[in-house]
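Residue numbers (my numbering): 8 to 73. No residue lacks a Cβ here, since even glycine has one placed at the ideal position from N, Cα and C. Everything numeric in this text was worked out from a predicted model, so none of it was measured. Some notes on the structure that comes next.
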């Protein structure tokens with residue numbers, strides 16, 4: 008998440024990004040807040056309760072244990 012990212016646009020995540028936590032590891036220091044895990048698979052999207060970042064799952068769902 009770059010400092011110039013348009014905050015109105017959802018952030019696309021894939022199975023490689025799971026488990027999904029906000030803030031992301033590449034978030035700038037000013038955008039840090041307590042880490043919260045988000046279930047993006049249940050609805051296909053999730054919104055962070057701290058910063059309102061919207062994440063949207065794209066691609067194939069992971070296979071394996073549920």
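Ranking 51, 70, 66, 38 by CA distance to the CA of residue 57 puts 38 first. The C-alpha of residue 47 is placed about 10 Å away from the C-alpha of residue 68.
Counting only residues of its own chain and dropping the five nearest sequence neighbours on each side, residue 62 has a CB closer than 7 Å to the CB of 17, 18, 20, 27, 45, 47, 52, 53.
Minimum Cα-Cα distance from residue 29 among the listed residues 15, 41, 36 corresponds to 41.
Within its own chain, no residue has a Cβ closer than 7 Å to the Cβ of residue 59 once the five positions on either side in sequence are excluded.
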